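The opening residue of the sequence shown carries number 89 in our numbering; numbering runs sequentially from there. Cβ atoms here follow ideal geometry from the backbone N, Cα and C, with glycine treated the same way. All values reported here derive from a predicted model rather than from experimental measurement. The block underneath contains the structure these notes are about, expressed in structure tokens.
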Amino acid sequence: MKKRLPVWQSAVIASMLLAGALPAGASADTPAAGSVSAADTKQGAVLAPLRLVSETAGAKVAWNNEERTVTLSLGSDTITLTIGKSTALINEKEVDLGAAVQIKDDKTFVPLKFLTEALHTAVSWDPQSGKLIIPKGDLKAAASAFASHWLQGESESAVSYFNDDLKKSLNANQLHYISQYYTNMYGQITGQLESGKSSNSVHENVYLTYETQSTLPFQMTVRFDKQERIDDLYIPPYYSPDTYRKPSYDDSSAYVEKEVKLGEGKLTLPGTLTLPAKPGPHPVVVLVHGSGANDRNESIGGSKLFRDLAVGLAAEGIATLRYEKVTREHPFKSATPTFTVQDETVADAVYAVNQLAKTADIDPQRIFVAGHSQGGMVVPRIIDGVKDVKLAGAVVMAGPTNSIEDVVLEQSKYQLEVSRERGLDTSMLEQQIAFWEQQIKLIKDPQYSVNNLPKDLALSNAYWWMDFRNYSASEIAKKQDKPMLILQGDNDAQVLSYHLDKWKEALKDRSNVEYKLYPKLNHVFAEVEEKSTGSEYNEPANTPVSVVKDIADWVKKTK
Numbered sequence: 089m090k091k092r093l094p095v096w097q098s099a100v101i102a103s104m105l106l107a108g109a110l111p112a113g114a115s116a117d118t119p120a121a122g123s124v125s126a127a128d129t130k131q132g133a134v135l136a137p138l139r140l141v142s143e144t145a146g147a148k149v150a151w152n153n154e155e156r157t158v159t160l161s162l163g164s165d166t167i168t169l170t171i172g173k174s175t176a177l178i179n180e181k182e183v184d185l186g187a188a189v190q191i192k193d194d195k196t197f198v199p200l201k202f203l204t205e206a207l208h209t210a211v212s213w214d215p216q217s218g219k220l221i222i223p224k225g226d227l228k229a230a231a232s233a234f235a236s237h238w239l240q241g242e243s244e245s246a247v248s249y250f251n252d253d254l255k256k257s258l259n260a261n262q263l264h265y266i267s268q269y270y271t272n273m274y275g276q277i278t279g280q281l282e283s284g285k286s287s288n289s290v291h292e293n294v295y296l297t298y299e300t301q302s303t304l305p306f307q308m309t310v311r312f313d314k315q316e317r318i319d320d321l322y323i324p325p326y327y328s329p330d331t332y333r334k335p336s337y338d339d340s341s342a343y344v345e346k347e348v349k350l351g352e353g354k355l356t357l358p359g360t361l362t363l364p365a366k367p368g369p370h371p372v373v374v375l376v377h378g379s380g381a382n383d384r385n386e387s388i389g390g391s392k393l394f395r396d397l398a399v400g401l402a403a404e405g406i407a408t409l410r411y412e413k414v415t416r417e418h419p420f421k422s423a424t425p426t427f428t429v430q431d432e433t434v435a436d437a438v439y440a441v442n443q444l445a446k447t448a449d450i451d452p453q454r455i456f457v458a459g460h461s462q463g464g465m466v467v468p469r470i471i472d473g474v475k476d477v478k479l480a481g482a483v484v485m486a487g488p489t490n491s492i493e494d495v496v497l498e499q500s501k502y503q504l505e506v507s508r509e510r511g512l513d514t515s516m517l518e519q520q521i522a523f524w525e526q527q528i529k530l531i532k533d534p535q536y537s538v539n540n541l542p543k544d545l546a547l548s549n550a551y552w553w554m555d556f557r558n559y560s561a562s563e564i565a566k567k568q569d570k571p572m573l574i575l576q577g578d579n580d581a582q583v584l585s586y587h588l589d590k591w592k593e594a595l596k597d598r599s600n601v602e603y604k605l606y607p608k609l610n611h612v613f614a615e616v617e618e619k620s621t622g623s624e625y626n627e628p629a630n631t632p633v634s635v636v637k638d639i640a641d642w643v644k645k646t647k
């Protein structure tokens, strides 16, 4: 519920991608027809495919068909080559290539020695096998090589970089459809802008950003396993710059952070255990994501709700565990035909509670869960799922009480109301609402079920929707006895504030539930003076310390 997309993609982001595509780029590694005889190649020179080697090195490749030239751009260097010539210009200075630039099988080949020296790369080319040779440990090159094959429409070659687990979930045909999807979204990708690398307890990650024909860059994260094979890919649904700033209450001396693993097997998740600097054992809060392929911080534009809560609660003597959502860390491997909210959210939260009960410096009698948005919605299911250890209580932050399909329609109607107030064109929103009304009619039709999926449902992952339909968090919570704290922003554009009243009405017979309404807070628990629309999410914002203090005080007094 946190995204500005018209559809709740929390459980279905990976399957949505499987129906779409990444920009295919040029189908051939040459700008024009024509060829140069192999006799023009000097004896002993190894020729390598220009585009593949160049893009693997992170260079931008641009063709000039009329002049039959290709220009490579890498950092401050500009390299210009001409088909048929054995010289090149590097920053306007002529250098000898050792052999002529030539075309073979609709691809342009250049002496390998020249390319590796000019592009400062250690990759090589095996002319016998026709394969790129990437030095061990050079994951940026491996990720860029995969992307180059993919963008050239060479899906079979791209899949060869996958490990066996990913090959079972993502094949060459699916990669082809994905390329078409992103071509339609961004236009042709014209060159790599930047790359970066980071690691967590599960993956080595390479971040690639590409220039496109649209006004927005295309981004993807290539995830490698310990054997340096690609284990999964993460492609954000839209470009969103990170404008986050640390809150004023972030005191680095008040906490320590440990990189941890959650779970086991091919869907193991990386996470952060934030511990107060003072000796334990400490009470701990498991932070449960809202809808979408969230990271451990629940990063949304300029806000990181979970990071703010982690550092703020640590200063209050309370530990937190936050982790990457399975649809973020393993988007394609987690996408199965019967994927449900249990697989998406509930099971990992329950596992986290059980794991924390056996973790050093954690008080096993003081374990809490705090769910935001859809994460808050499934808090009652998490409570029911914890069987083997004690769960001390739960916090619901902007958690709706009615079904997910009803909330989606409610969100669209709210945006329509705001747009009308501002005098904007509402035709697209009206069409969106009509679409949702038709889809919800199918979802709620009792003749359909997980065993009889509606064929006319236009939403991805029909099984997820049918499994989660008609869900009411408050109805489940009525029958539970765990202490709860329910928090709601009064300026929330995605879970309207009346949901807090619905919680109160549903749980009126329970005496161990507390409620708090924050007048200016939007859906990401940031203060907004004007009426929230979600457009403000990109602005830097932090969770007020008052929210942190309210949660901390409640945790401390809840036994």
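Status (buried if at least 16 other CB within 10 Å, exposed otherwise) for N272: exposed
V612 beta carbon less than 9 Å from that of S328: no
Any non-hydrogen atom of the ligand HEM within 8 Å of K567 CB: Looking for the ligand HEM in the displayed structure turns up nothing, as the structure carries no ligands at all.
Chain D within 9 Å of I574, Cβ atoms only: Checking the listed chains, one finds no chain D in this structure; it contains a single protein chain.
Cβ-based burial, K529 [other Cβ within 10 Å; buried from 16]: exposed
Own chain, CB closer than 8 Å to G218, minus 5 neighbours either side, in chain order: none
Buried or exposed by the 16-neighbour rule on C-beta atoms within 10 Å, applied to D117: With a pLDDT of 41 at D117, under the threshold of 50, the modelled position of this residue cannot be trusted, and the question is left open.
G279 to V414 span [Cα, whole Å]: 30 Å
Check whether E437 and G473 have beta carbons under 9 Å apart: The displayed chain sequence assigns Ala, not Glu, to residue 437. In this structure, G473 lies closer than 9 Å to A437 by Cβ.
Neighbourhood of G481 by C-beta, 6 Å cutoff - its chain only, sequence neighbours within 5 removed: Cβ within range, chain order: F456, K570, P571 and T646.
Unbroken stretches of the beta strand (DSSP E), 3 residues or longer, contained in the stretch 219-286: Complete beta strand (DSSP E) runs here, min 3: 219-221.
Residues bridged to K181 (per DSSP): I178
Runs of beta strand (DSSP E) wholly within the stretch 459-504 (minimum 3 residues, chain order): 481-485
Straight-line gap, L203 to A581 (C-alpha atoms, nearest Å): Roughly 53 Å between the two C-alpha positions.
CA-to-CA distance, S634 to P223, given in whole angstroms: 52 Å
Outcome for Q443 when other beta-carbon atoms lying within 10 angstroms are tallied against a minimum of 16: buried
Inter-residue Cα distance where the pair is T129 and A229: Residue confidence is low: T129 scores 43 on pLDDT, short of 50, so the model does not pin down where it sits. Its coordinate-derived value is still stated next. Cα to Cα, the separation comes out at about 27 Å.
Beta-carbon gap between Y648 and A235 smaller than 9 Å: The structure shown has nothing for residue 648, since the chain only spans 89 to 647.
Three-state secondary structure assigned by DSSP to P628: Reduced to three states, the DSSP call for P628 is coil.
C-alpha gap between K90 and S387, whole angstroms: The predicted model places K90 with a pLDDT of 36, which falls under 50 and marks its position as unreliable; any figure quoted below should be read in that light. Looking at the backbone, the Cα of K90 and that of S387 are separated by about 10 Å.
Backbone CA spacing between T621 and L304 [nearest angstrom]: 22 Å
The stretch 185-193 / the stretch 157-174 touching (three or more Cβ pairs under 8 Å): yes
Between the CA atoms of V441 and L393 - distance to the nearest angstrom: Going by the C-alpha atoms only, they are around 20 Å apart.
Residue span of the beta strand (DSSP E) that contains H370, given as start and end: Where H370 is concerned, the enclosing beta strand (DSSP E) stretches over H370 to V376.
Cβ neighbours of T168 in the same chain (closer than 7 Å, five flanking residues each side left out): T157, T159, A176 and L177
Inter-residue Cα distance where the pair is N630 and V372: Distance between the alpha carbons of N630 and V372 is about 21 Å.
Segment limits, beta strand (DSSP E) that includes Y603: V601 to Y606
Distance between G577 and M485 (C-alpha atoms, nearest Å): Each residue's Cα considered, the two are about 9 Å apart.
Y586 in three-state terms, based on DSSP: If DSSP states are grouped into helix, strand and coil, Y586 belongs with the helices.
R674 classed as buried or exposed, judged by whether at least 16 other C-beta atoms fall within 10 angstroms: Here the chain has residues from 89 to 647 only, and residue 674 is not among them.
The stretch 349-365 / the stretch 408-426 touching (three or more Cβ pairs under 8 Å): yes
Alpha helix (DSSP H) segment containing Q443, residue limits: Unbroken alpha helix (DSSP H) run through Q443: A435 to L444.
N-terminal and C-terminal residue of the beta strand (DSSP E) that I318 is part of: I318 to Y322
Per-residue burial, I221 [other beta carbons within 10 Å of its own, 16 or more giving buried]: exposed
C-alpha gap between S243 and N259, whole angstroms: If you take the alpha carbons of S243 and N259, they lie about 8 Å apart.
Three-state secondary structure assigned by DSSP to I521: Here DSSP, grouped into helix, strand and coil, assigns I521 to helix.
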